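With my numbering, the residue at position 676 of the sequence shown is 671, and numbering never jumps. Built from N, CA and C at the ideal position, the CB exists for glycine as well. Here the structure is a predicted model, which is why all the values come from computation and not from measurement.
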Amino acid sequence: MAETDPTERIRELRDAIRHHEERYYIHNAPEISDEEFDRLLHELERLEAEYPDLVSSDSPTQRVAGQPVEGFHPVEHLVPMLSLDNAYNEEELRAFDERVRKAAGFGTTPVTYVAELKIDGLSIALTYEHGRLLRGATRGNGMQGEDVTANVRTIRAVPLALRRGLREHIEVRGEVYLPRASFERMNREREEAGEPLFANPRNAAAGTMRNLDPALVAKRGLGALVYQVIIAAGSMGNAANSHHSATTVDGLQAVADRTTPPAAENVRESVPEQLTTHAGTLTAMQQWGLPVEPHWRLCENIDAVAAFCQEWAEKRATLDFDTDGVVVKVDDLGLRRRLGATAKFPRWATAFKFPAQQAHTKILHIRVNVGRTGAVTPYAELQPVFLAGSTISMATLHNAEDVARKDLREGDAVILEKGGDVIPKIVAPILSLRPADSEPWVMPGSCPVCGSTLRRDEEEVVWRCENPSCPARLRRSLEHFASRSAMNIEGLGESLVDQLIAQGLVHDFADLYHLEATDLEDLVVAPREPRSERAVSRKLGKVGRNVSQQIERSKSNDLSRLIYALGIRHVGEKAASTLARHFRSMDRLLAASTELLLAAPEIGPVVAASVRMFADEPRNRTLIERLRAAGVNMSSHAPESPSSQGGLAGKAFVLTGTLSSMSREQAEEALARLGARVSSTVSKKTTYVVAGSDPGSKLAKARQLGVETLDEEAFLALIMAKESRDR
């Protein structure tokens, strides 16, 4: 088989990571384990390091991933809630220590660390004003989260008022989790009520925090543990100096404001006089009445850290909460300030990940599932086994080639691995226990749903059902069409889609817009997993009316959302946005030749060919006309393509490194407003390369090609001058 093209593999990895980020951070319904997700991310990081010209600003490696879930008021965090870099074994843990000592100029002198158990829950930020709980917010995308104050107040571990005389604003960060005993009790109650079970305590905690009924939240018994505090100036009250200079913890500074949380632009790095170590900070938070994870340990060197990690890898099952590793932090806050952070991670901390837990079970059957593009994916039905906090009865097998490589067969005893998420991984069969009459598994030749012949391109490992009318493809396509990033039809989920298809009300996207409100109100929905006699069918009623309103509202979406929602192969969100901006209407897009498609910024031959194939299919043309007849918007509301207007019209920019004054996305938006085009690769056609701190190989490439480079000060001066001229 031909070697995978790095450009294509990078695209595949980005698409996969974005999908799993959405499932994890937005829907709180992950599909793969933490370890599998981290391997995808590490592979992408390795490829982008090997091919730096392929790095793009929208890559998952270039930003703190994730987005706030709609339904709660959005709030800005005092300072960004960064993720942590990971260490998967002792060698990587010691490499982290070596980087810290080298950056600090310590040579062989050991660094003192604090090791804390990593709580497998939902990140939370608690704001206290004058010692009283003012707000609770979720992490969201790291910059902006959701206001869940009403739910936080129901958590008994979270004090509504602190014990010490703290003044002004402090922000405390930690994790909300569901104790295992509460999780087991809650799932028993859900089973008796005929409701779907939560897969694990983390999903249950995340789902509970997003519930709009605080009374229900209170009944579920959530817990909370904190690990960080950000203190505004003058906040130490009688416990320390009362002057109003900037006071910080963990190398982050906040500036006091008497009425609102301090603005993020006023945040600087500094070291407080009152708290100079992380161990002291944890002790202080305990004294204030905050819940601190009780097993943390002050470690005089990396050897002590490694011993702590090994100890708790063996003892974690004895805890009443789930933990997937150990967070290792430099204890000296002054040293943290000197070490600083990258755009994604603090340099003074890492998360040591415990090895995935394993169990033995048996493959009962190997079956296949059909996705929206027709991709047919095998999965294993397993003899139920309890592992890492939940009972597992299914595991994905990815593709037929992977099944063959591992030589997995029906009836095999297998090693199952799970790092705390929903869908685990089969590591290998136990050959010594294989039945004598077992036979290799063979991919079926036809679709299990519609019976169409399965086909596979020579350069792909995926088999596909090519029947566009296949019910399984229709279901997945409708789910994608209604998803948040596409037409954003809230309430149109899996269960409702199933019923619409089963009752013959919907056969394609356009049918959604021809439904009457009464069709949805009167729709009888059966329980998805009837587990008891109390689980009964019901009419949608008000829920149906709300979905009908959401469908109507979606008609006015921008063209970019519709293009993405159509599910054209290889056309992701960014490509859909580019096509909408460039062609301005669906008619012009469908009429565009391959040459015209390739003339659009950042559109390559694979996307161009896929769009052309979609446009040439008569069935798709009919679908578009039915959508148009229903009143769905077919034009772009976005500003004109930046190539034709603005003070930097026609200029090509490449950004590298980190800008201190704005995010990468903000810089790109500023350039787009001025008509410039931002590219991910440096070439002779590049006008400027903007180099922030820690620039990559793009800067060297620019110098090699003689491309003009701008530091951050020169870049800001150029932007301000052009914006002033445009006004």
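Between which two residues does the alpha helix (DSSP H) containing residue 305 stretch?
Here residue 305 refers to the residue found at position 310 when the sequence shown is read from its first residue. Element bounds for residue 305: 297 to 310.
Residues bridged to residue 389 (per DSSP):
Counting from 1 along the sequence shown, the entry for residue 389 is found at position 394. Note: residue 389 sits in a beta bridge opposite 376.
What number of angstroms, rounded off, separates the C-alpha of residue 670 from the C-alpha of residue 591?
Against the sequence shown, residue 670 aligns to sequence position 675. Against the sequence shown, residue 591 aligns to sequence position 596. Near 20 angstroms, if we compare the C-alpha coordinates of residue 591 and residue 670.
Let's test the definition: count the other Cβ atoms within 10 Å of the Cβ of residue 494 and tell me whether it reaches 16, buried, or not, exposed.
Numbered from its first residue, the sequence shown carries residue 494 at position 499. Buried, because 16 or more other Cβ atoms sit within 10 Å of the Cβ of residue 494.
By Cβ distance below 6 angstroms, which residues in the same chain neighbour residue 448 in space, the five residues on each side in sequence not counted?
For this step, residue 448 is matched to residue 453 along the sequence shown. Around residue 448: 441.
Go ahead and label residue 168 buried or exposed: buried means 16 or more other beta carbons lie within 10 angstroms of its beta carbon, across all protein chains shown.
Here residue 168 is taken as the residue at index 173 of the sequence shown, counted from 1. By the 10 Å Cβ count, residue 168 comes out buried.
Taking just the CA atoms, how far does residue 413 sit from residue 178?
Mapped onto the sequence shown, residue 178 falls at position 183. Mapped onto the sequence shown, residue 413 falls at position 418. Straight-line Cα distance between these residues: approximately 18 angstroms.
Run through the DSSP bridge pairs and tell me what residue 577 is partnered with.
If you number the sequence shown from 1, residue 577 lands on position 582. Paired residues: none, contrary to the question.
Take every Cβ of the stretch 96 to 115, pair it with every Cβ of the stretch 287 to 302, and state whether three or more of those distances are shorter than 8 angstroms.
yes
Spatial distance of residue 618 from residue 607 (CA atoms)
If you number the sequence shown from 1, residue 618 lands on position 623. If you number the sequence shown from 1, residue 607 lands on position 612. Whole-angstrom Cα-Cα distance: 16 angstroms.
Spatial neighbours of residue 347 within its chain, please: CB distance less than 7 angstroms, with the 5 preceding and 5 following residues excluded, ordered by chain position.
In the sequence shown, residue 347 corresponds to position 352, counting from 1. Counting only Cβ-Cβ distances below 7 angstroms, and skipping sequence neighbours, we find 82, 88, 304, 320, 321, 323.
Please go through the same chain and pick out, in chain order, the residues whose beta-carbon is closer than 8 angstroms to the beta-carbon of residue 593, but skip the five residues on each side of it.
To locate residue 593, count along the sequence shown from 1; it is residue 598. Once the five neighbours on either side are set aside, the close Cβ partners of residue 593 are 599, 600, 603.
If you reduce the DSSP assignment to three classes, tell me which class residue 209 lands in.
For this step, residue 209 is matched to residue 214 along the sequence shown. Three-state DSSP puts residue 209 in a helix.
Taking 8 angstroms as the cut-off, decide whether the C-beta atoms of residue 430 and residue 363 are in contact.
Against the sequence shown, residue 430 aligns to sequence position 435. Against the sequence shown, residue 363 aligns to sequence position 368. Not a contact, by the Cβ cut-off of 8 angstroms.
Rounded to a whole number of angstroms, what is the C-alpha to C-alpha distance between residue 130 and residue 1?
Position 135 of the sequence shown, counted from the first residue, corresponds to residue 130. Position 6 of the sequence shown, counted from the first residue, corresponds to residue 1. Cα-Cα distance, rounded: 46 angstroms.
Within the stretch 451 to 515, note down every full alpha helix (DSSP H) run reaching 4 residues or more, in order along the chain.
466 to 477, 489 to 497, 504 to 507
Contacting residues, own chain, Cβ-Cβ under 7 angstroms from residue 575 (five flanking each side not counted)
As a first step, residue 575 must be located in the sequence shown, where it is residue number 580. So the list reads 553, 554, 555, 558, 631, 633, once near-sequence residues are dropped.
Residue range of the alpha helix (DSSP H) that includes residue 679
Residue 679 sits at position 684 when you count from the first residue of the sequence shown. First-last for residue 679: undefined, no H or E at that position.
My assumption, with CB atoms under 8 angstroms, is that residue 702 sits in contact with residue 650. Please give the rounded CB distance.
Locating residue 702 in the sequence shown gives position 707, where the first residue counts as 1. Locating residue 650 in the sequence shown gives position 655, where the first residue counts as 1. Rounded, the Cβ-Cβ distance is 13 angstroms, inconsistent with contact.
Three-pair Cβ contact test at 8 angstroms for the stretch 327 to 341 versus the stretch 118 to 128
no
Using the rule of at least 16 other Cβ atoms within 10 Å of the residue's Cβ for burial, across every protein chain shown, is residue 352 buried or exposed?
Sequence index remark: in the sequence shown, residue 352 carries index 357 (1-based). By the neighbour-count rule (16 or more Cβ atoms within 10 Å), residue 352 is buried.
Identify whether residue 279 lies in helix, strand or coil by the three-state DSSP scheme.
Residue mapping note: residue 279 aligns to position 284 of the sequence shown, counting from 1. Reduced to three states, the DSSP call for residue 279 is helix.
Please confirm whether residue 40 has its beta-carbon closer than 8 angstroms to some beta-carbon of chain D.
In the displayed structure, chain D is absent; only one protein chain is listed.
Report whether the distance from the Cβ of residue 459 to the nearest heavy atom of the ligand FAD is below 7 angstroms.
Although the ligand FAD was asked about, the structure shown includes no ligands whatsoever.
Environment of residue 296 [buried if 16+ CB atoms lie within 10 Å]:
Counted from its first residue, the sequence shown places residue 296 at position 301. Per the 10 Å Cβ criterion, exposed.
Closest to residue 316 by CA distance: which of 717, 484, 361, 170 is it?
Here the question's residue 316 lines up with position 321 in the sequence shown. Of the candidates 717, 484, 361, 170, the one whose C-alpha sits nearest the C-alpha of residue 316 is 170.
Measuring only the C-alpha atoms, how far is residue 354 from residue 381?
For the purposes of this step, residue 354 is taken as the residue at position 359 of the sequence shown. For the purposes of this step, residue 381 is taken as the residue at position 386 of the sequence shown. Taking the straight line joining both Cα atoms gives about 8 angstroms.
Proximal residues to residue 543 (C-beta, below 6 angstroms), its chain only, five neighbours per side dropped:
Mapped onto the sequence shown, residue 543 falls at position 548. For residue 543, where only same-chain residues beyond five positions count, the Cβ hits under 6 angstroms are 512, 515.
Once the 5 residues before and after residue 357 are set aside, which same chain residues still bring their CB inside 8 angstroms of it?
Taking the sequence shown and counting its residues from 1, the one referred to as residue 357 is at position 362. 377, 378, 406, 407, 408, 409.
Neighbour-count burial assignment, residue 5, 16 or more Cβ in a 10 Å radius:
Here residue 5 refers to the residue found at position 10 of the sequence shown. Result: buried.
Strand pairing of residue 118, partner residues [DSSP]
Reading the sequence shown from its first residue, position 123 is the one you call residue 118. 170.
Quick one: is residue 165 buried, meaning 16 or more other Cβ sit within 10 Å of its Cβ, or exposed?
Reading the sequence shown from its first residue, position 170 is the one you call residue 165. So residue 165 counts as buried.
Just how far apart, CA to CA, sit residue 712 and residue 654?
Translated into positions along the sequence shown, residue 712 becomes position 717. Translated into positions along the sequence shown, residue 654 becomes position 659. Between residue 712 and residue 654, the C-alpha separation is close to 14 angstroms.
With a threshold of 7 angstroms on Cβ separation, who are the neighbours of residue 253 within its own chain once the five nearest residues in sequence on each side are excluded?
Position 258 of the sequence shown, counted from the first residue, corresponds to residue 253. The pLDDT assigned to residue 253 is 27, lower than 50, so where the model puts this residue is not dependable, and the model offers no usable value.
Would you tell me roughly how many angstroms separate the C-alpha atoms of residue 422 and residue 36, rounded to the nearest one?
For this step, residue 422 is matched to residue 427 along the sequence shown. For this step, residue 36 is matched to residue 41 along the sequence shown. Residue 422 and residue 36: Cα-Cα distance of roughly 20 angstroms.
Just curious, the alpha helix (DSSP H) that residue 745 is in, first and last residue?
The displayed coordinates of the chain run from -4 to 722. Any statement about residue 745 would go beyond what the structure contains.
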